[in-house]
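6 protein chains.
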Amino acid sequence: MQQQSFESYVRHGLTPFFRLPVVDDGRITRERYQGCDAALLGVPYDGGTTYRSGARLAPYHVRRVSALVPGYHPTHRLEVFQRLSAVDCGNVMAPPFNPQAMRELVHAEVAAVLDAGSTPFVIGGDHSVSLPVLRALAERHGPVALVHIDAHFDCSVAENWGENFHHGTPVRNAVEEGLIAPGQLFQIGLRGPWGGESDAAIPEAFGAMHVPADELGTTGAATIARRIVERIGDRPVYLSIDIDAVDPAYAPGTGTPVPGGMTSRELLGLLRGLAGVRVCGCDVVEVTPMLDHADVTCLLAAYALYEGLALAAIARV
Amino acid sequence: MQQQSFESYVRHGLTPFFRLPVVDDGRITRERYQGCDAALLGVPYDGGTTYRSGARLAPYHVRRVSALVPGYHPTHRLEVFQRLSAVDCGNVMAPPFNPQAMRELVHAEVAAVLDAGSTPFVIGGDHSVSLPVLRALAERHGPVALVHIDAHFDCSVAENWGENFHHGTPVRNAVEEGLIAPGQLFQIGLRGPWGGESDAAIPEAFGAMHVPADELGTTGAATIARRIVERIGDRPVYLSIDIDAVDPAYAPGTGTPVPGGMTSRELLGLLRGLAGVRVCGCDVVEVTPMLDHADVTCLLAAYALYEGLALAAIARV
Amino acid sequence: MQQQSFESYVRHGLTPFFRLPVVDDGRITRERYQGCDAALLGVPYDGGTTYRSGARLAPYHVRRVSALVPGYHPTHRLEVFQRLSAVDCGNVMAPPFNPQAMRELVHAEVAAVLDAGSTPFVIGGDHSVSLPVLRALAERHGPVALVHIDAHFDCSVAENWGENFHHGTPVRNAVEEGLIAPGQLFQIGLRGPWGGESDAAIPEAFGAMHVPADELGTTGAATIARRIVERIGDRPVYLSIDIDAVDPAYAPGTGTPVPGGMTSRELLGLLRGLAGVRVCGCDVVEVTPMLDHADVTCLLAAYALYEGLALAAIARV
Amino acid sequence: MQQQSFESYVRHGLTPFFRLPVVDDGRITRERYQGCDAALLGVPYDGGTTYRSGARLAPYHVRRVSALVPGYHPTHRLEVFQRLSAVDCGNVMAPPFNPQAMRELVHAEVAAVLDAGSTPFVIGGDHSVSLPVLRALAERHGPVALVHIDAHFDCSVAENWGENFHHGTPVRNAVEEGLIAPGQLFQIGLRGPWGGESDAAIPEAFGAMHVPADELGTTGAATIARRIVERIGDRPVYLSIDIDAVDPAYAPGTGTPVPGGMTSRELLGLLRGLAGVRVCGCDVVEVTPMLDHADVTCLLAAYALYEGLALAAIARV
Amino acid sequence: MQQQSFESYVRHGLTPFFRLPVVDDGRITRERYQGCDAALLGVPYDGGTTYRSGARLAPYHVRRVSALVPGYHPTHRLEVFQRLSAVDCGNVMAPPFNPQAMRELVHAEVAAVLDAGSTPFVIGGDHSVSLPVLRALAERHGPVALVHIDAHFDCSVAENWGENFHHGTPVRNAVEEGLIAPGQLFQIGLRGPWGGESDAAIPEAFGAMHVPADELGTTGAATIARRIVERIGDRPVYLSIDIDAVDPAYAPGTGTPVPGGMTSRELLGLLRGLAGVRVCGCDVVEVTPMLDHADVTCLLAAYALYEGLALAAIARV
Amino acid sequence: MQQQSFESYVRHGLTPFFRLPVVDDGRITRERYQGCDAALLGVPYDGGTTYRSGARLAPYHVRRVSALVPGYHPTHRLEVFQRLSAVDCGNVMAPPFNPQAMRELVHAEVAAVLDAGSTPFVIGGDHSVSLPVLRALAERHGPVALVHIDAHFDCSVAENWGENFHHGTPVRNAVEEGLIAPGQLFQIGLRGPWGGESDAAIPEAFGAMHVPADELGTTGAATIARRIVERIGDRPVYLSIDIDAVDPAYAPGTGTPVPGGMTSRELLGLLRGLAGVRVCGCDVVEVTPMLDHADVTCLLAAYALYEGLALAAIARV
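Here is the structure:
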């Protein structure tokens, strides 16, 4: 059983992320984020989904179950939310039928977060929400390192669905737009089969480090994490966590599940192993609550998000 | 499809009841409720449950789905939340293993609500949360009329479970404590079988009006409502809505379901038919989200709560 | 909330039907059933199912939830289990791949029940379990009246599935074998579409009274029941309750659901309306727990079974 | 149990709508539909959904469960698929992020259906798929009668979501584009609350006949249907069936459920009561399989579709 | 997110296995299978199930979700469906109450497949469908190697259920009938407890190689696969994959789950490790969709089937 | 498929634990347990739960699914229920709102079990049921070794919920009351985050051996088990198995799940590795059937319980 202060529950009618303070005045300004180290933003948008939609509901459910996640990190020996002033900044919402509005709104919002010296943590929504976050980050930091945890490459070409931007394209978009630093693309949790022989062509040409889920199991999450940390050095790094990196047993609540995935222990262990990198942003995407059972997927998403926040807290030290 | 303003969703990271303003400072004072016509309080307590527990989670889920309930009432021709300044006042929380603390905390909180001239709307929790609400109401208004919508009499004797107070006893407790005005107990949705021949003895001795679910179907909710309204007159009336009054087909998410119950149309129609009574308080209890499917029970609970608020809005006119 | 004695739960590790006494020594003899008015038998067999299988699990789950059904009948003003000495006699079990063994075992078991002067109450299993019960009854009583509550005629011809006996044939089998008295077949809850124009030919030729679900709704369960009671008179009557007579909203846990069915109130009301008929046996079949949600179907089955027992209790008076 | 020929199942690896013949060559031409009275088209598109997405999966699941729907209509005394040569014509598929492509593709496809003298039956998808069907119909027949069965008016103004076309607008769009004949808009199953007082303004100004779900229950589906038939006369009529017209108890699998809805018997009875009208097209929309349980919603959708086909079969006579 | 061509989805109203061409004319002849390398056959039969039935529905659901499995195998560097002309040949269907008919029909069908030089891939149904496949294979190839992936030995003796053939007996049947080559029985994924000490007697006497799930975890799937490949050499090998080999976490949708099983990564890795063996047939059995959640079991079954097809594609080279 | 004797199922209307004999006369006396080696007791109590309640239903469901667990242990080469005369002794039931009554009743019952020379096996209920068991054990044996398998320390201080005893406190209670022998506390499956830095203070001060879930994965369950066995020696040892030690993928049906947990293979392997220790008692707690899917959690609980019984059977030799 989980140890929580009774007081901490008193009057919790609402459940912001991790029971954090809430700033949600609906205006996009630098002032809004001033003085907060980490800005948590929901993006309830799934207009970029190609198979089972529903990720738009994730911010509501991840908030709800995150109330159960305590704050002290026993591996890092760190009271995360004391080191890091984190705030629930509400949702960035766009009509589900307007992909461009979503990209513009998320871009503007994250830019404001960065202007105020805060770090964005985004809870999707489908994976198409990552591109505008990366755009805003690259504007500020230049090309970043991208740790992309996913079952898929997300490098679909525009021809696949007659559209340049959707949840299968963010990594290709980011590569093409120069948002990722050369040699700084890390894709972990990959597995097949693929749509075609050329599926890996774009990231391979870009020099990506590829760690299939199988290899992660054989080599171990800690070793893989160490290698990534070494290659990243002190570059700003963006973590993009597609919950379908994890096996459907651990994360049934997702739109395009692929058997043979990571375990929850591997996901959390990998994230813990990244201690020391300079996290400049993070997202957790593709959680589909309608397909979840007993909140297990939402809970795992909340824990992954917590690990991302812990990395940011360490980097702040 | 539901018509809702896009703007109304913008930034809705949190989902207070009906997207209402939030007052949740954790103090029990009259000032806290000043100037609000209706105070919505969650009571996430199920320590009084005898069969399938879990009603403690209802306030979180009813809040979440209530975001979908619009405000204009087409039968009463009334913009409910414009007429009635309603506020989400958070939860009254007691440890689940301390029934007495629950009763004292709810009593004190509702007393503060009433002191400020506001009307309490309580979302349980199990049915044992109703007693302290009725106590506070009777202190202020004297004995009230009780419209009790339920599959059960809730008049268990203390011997049944070796305990005077639990979710099977609130009506007996209220009768014994003199909280209900003579001839002003209305029990609707009842059905059998019973534990024994004497199950109805207490309410019958008290002169209760009994409307089994079958009779409601035959006579019609509108007619029944009319009879109740006539008998109540201008007395202050408390509505206690146990969701198990409704058939398990409409409300699977409840702890002690009984087949043969009311339809959702009968429940909502009955409530609409009570237009004109002076609602002095209302609760919706026994919603068990873990047993719900696709939120249908939580949604029905939110709609029933809305009808209660609409009645209060009419009475305010 | 349901009123139940705390004592009644003490030590209920096991959950026989309605918490009744258990006789389960595995031998088929007249002595086994001596002195018990009603013998409750599970038949966990679904080898006769043509679409979604799984009814074999029903006896386990109906037993479990029947622990929640109290004993006093407020309409009949009757303490059912005091009037009627009812006993849980365990299961009649046949390998699922041996239809003939099932028919022989059920036949022999029910014959022993009848030899001892007891009344059989059978919980299937699929509808093919009813035929051997009817055979044993007809051996004892001659052709009986059959009140058959179902969405289907159950008069499939042997050609349909290349087999004379399965869950779509029991009424045809019973008609052909002369187990039903002329003019004494009552089929309630029927609805379409049908496989072909001739679907009703066999029962119509037999002079069956047909009450589609729609007509039941329009005319009312009480009126229909009265007509049936009049036509049956004092003949021994067998009740066969296929849970798919009820709409899938009320009974999702069944193998061949048909929308547009009876409500739970209509089913229970119909059964209550049969008060006075001489029940010589009863079954509740086609409950598929794997497709149920929150036990709503199993619970309705238990309540229907209780109503059948109440009818037997009245007839005993 | 359902009576079906064993032969009819042999080799049914695939499950086209109602086990009908399949024509699916992917070309939009008049020849494709030549000689078929009714063309069944899936439109797996939910890019117009504002709340819970997922209706894109409906055509796959409705096809699957429709295999269980037999063909003979006992009320109309009609072998539907013998009178009406109906064909499963596959899906019209557009990328979920391209609403305009969806509208153009559906429009072109339905135009080809009509050019060949066939009647379109469309299985959505969300309600935004109805507009292009109505456009094609109006091009051919002029303004049509619209029987719109829904919990909502579907007359949202463009400002609500910053978009002129989505699943909340098809009726407003059709009115504004002159696709509906004056006095020939029938909206059944409506219920509140509404977003605002003006929600009904557009259809009321257009002279729509409004039948709230409550009134349907009081007046009866047969009577309402008779009134509609009289007012329609021999005009071509389009049936648009939003499954959320039905109560969530009967149809949990939908995106924007509203308690207090129609029963399955009322929906099917209403459709049967329309016998005699000249059906020029029909859709069933807003079925969300991810939220369904035990296929009850999908099954009801298949039965509603069957009733629409039966109406077309009658009109053919 | 999964990369799939938009074109590949266009008009996919039906979902044959892996979106393959369909040959389904209902006749069993050699011509039917001519020119197809791999013949995929569903056998929707669960009449051999001893505990939770429902595997009969698997072919419909595995087909549906297999539409999501892409074709290129990144480990084998192989476009599977280009190397291997695979065809969905529909279902072999027998009445669920006629085990002998099932055995005869499957036997005849597979014989026709083999006569045409094609390789059978069978999707059950319960495990009793494997025996007739093995019979047809042994008629053609003589005794084969059997890679049997399962939690159980499937060597029940006839006395257990009073029946020589059911889903607990196929390996014993095959051993007794001489269908397996000496020393060529490989059983992987086994775990206890057992019914009795003698459970392993038959396979041990036959010289089976036994790899419990625990040992697979310790030794690694790749190593185990290598050992099997070495022992098989160039003998024709049949793969029989009972999904309950995998842990219930990964495959909840099965009738007789046993905790402590393989992971999905181990199952898929084991199959990949068998590259080079001469696959003469394959089945995937015991998938029970009614017990599945979010299609995770069906999806894993489809992926396992794909790996089997990939092995056949390699062998064809 | 599982091999089970057909005979073993015959007449299994009721499902006692592992189909064992039943002794359930409701009296607490030494005679009641005389001559039985292992006494299985359900404690359907969840009044100590702080988050998602519902563990009170576990004894009913674990009993039901345990009917599927065979008796022969292939690792230990042991027919468990032949070596060990085990008996289902029913439930110890207390009102859910009376924690003290629960503690007293369980204490008295277990004392009677011990007086008769029998070993108690308890199926909760929440983790607060373990304390009275430990009290009775310590009275008899003096302080015992405690193997505590859990995601949490269960050492909450009284201030957390304003209460000294609940499901987050049993280990602290046991330490403070001197029920555990010095150096004999083993906590396995732990993981974070924690409520605060001091969460581990109490067990660390007590010299507990801590094995986080991660370390168990790296080191291996067998090695960990060996270390524990060595440190325990021949002391009497109590096994307390909180099902939330296992990852939510394997055990979704629990109240306070924590991602990153043990696999089912690790749990069962750990228990098997403890062969040789002198088991003086065992519990399996925190199983919440309402949150389970397809019985996977209940089944795992039954298997864990079986492993505990196997350890007792070995110790008896």
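Residue numbers (this note's numbering), protein chains in the order written: chain A, 533 to 849; chain B, 533 to 849; chain C, 533 to 849; chain D, 533 to 849; chain E, 533 to 849; chain F, 533 to 849. We put the beta carbon where it would ideally sit given N, CA and C, even for glycine.
| Check | Outcome |
| --- | --- |
| Contacts that B:G724 makes with chain C (C-beta to C-beta distance below 9 Å) | P602, Y604, H605, P606, T607 |
| Segments of 4+ residues assigned as alpha helix (DSSP H) that fall wholly inside the segment 633-705 of chain B | 662-673 |
| Contact set between D:M822 and chain A, taken where Cβ atoms lie within less than 9 Å | R584, S585, G586, T820, M822, L823 |
| Below-8 Å beta-carbon distance, A:L546 vs any chain B residue | yes |
| Other residues of its chain near A:Y838: CB distance less than 6 Å, five sequence neighbours each side excluded | V601 |
| Contact set for E:V811: own chain, Cβ-Cβ below 7 Å, skip 5 residues either direction | T651, V769, L771, G840, L843, A844, A847 |
| Residues of the segment 793-819 of chain A with Cβ closer than 7 Å to any Cβ of chain F, in chain order | S796, R797, L800, G801 |
| Within chain A, partners of E:E611 - CB distance below 8 Å | G728, E729 |
| Segment limits, alpha helix (DSSP H) that includes E:D746 | 745-751 |
| Counterpart residues of F:G813 in DSSP-defined beta bridges | F:Y770 |
| Residues in the segment 561-580 of chain B having any Cβ partner in chain C nearer than 9 Å | G580 |
| Inter-residue Cα distance where the pair is A:P714 and A:V679 | 13 Å |
| Backbone secondary structure at C:F538 - three-state DSSP | Only weak support exists for where C:F538 lies, its pLDDT of 39 falling under 50; the coordinates are left without a value. |
| Straight-line gap, D:T581 to D:F697 (C-alpha atoms, nearest Å) | 10 Å |
| Contact with chain E by A:G749, beta-carbon distance below 8 Å | yes |
| Span of the alpha helix (DSSP H), counted from its first residue to its last, around B:V594 | 590-598 |
| Cutoff 8 Å: E:A648 Cβ touching any chain A Cβ | no |
| Min CB distance F:A733 to chain A below 8 Å | no |
| Neighbour list for E:D746 in chain F, Cβ cutoff strictly below 7 Å | R797, G801 |
| Under the three-state DSSP convention, the category C:I560 falls into | coil |
| Proximal residues to A:H648 (C-beta, below 7 Å), its chain only, five neighbours per side dropped | First, the residue type needs correcting, since residue 648 of chain A is Ala and not His in the sequence shown. Answer for A:A648: R562, Y565, Q566, listed in chain order. |
| Three-pair Cβ contact test at 8 Å for the segment 699-711 of chain E versus the segment 583-601 of chain F | no |
| A:A713 (DSSP reduced to helix, strand or coil) | strand |
| Cα-Cα separation between C:H673 and B:P821, rounded to whole angstroms | 50 Å |
| Limits of the alpha helix (DSSP H) - the one that E:G801 falls within | 796-805 |
| Any 3 or more C-beta pairs closer than 8 Å across the segment 825-838 of chain D and the segment 549-558 of chain E | no |
| Local Cβ density within 10 Å of C:E695, reported as buried at 16 or more and exposed below that | buried |
| Backbone secondary structure at E:Q719 - three-state DSSP | strand |
| Nearest residue (CA-CA) to A:M634, options A:H605, A:G574, A:S598 | A:G574 |
| According to DSSP, residues forming a beta bridge with A:D569 | Its beta-bridge partners do not exist; DSSP assigns none. |
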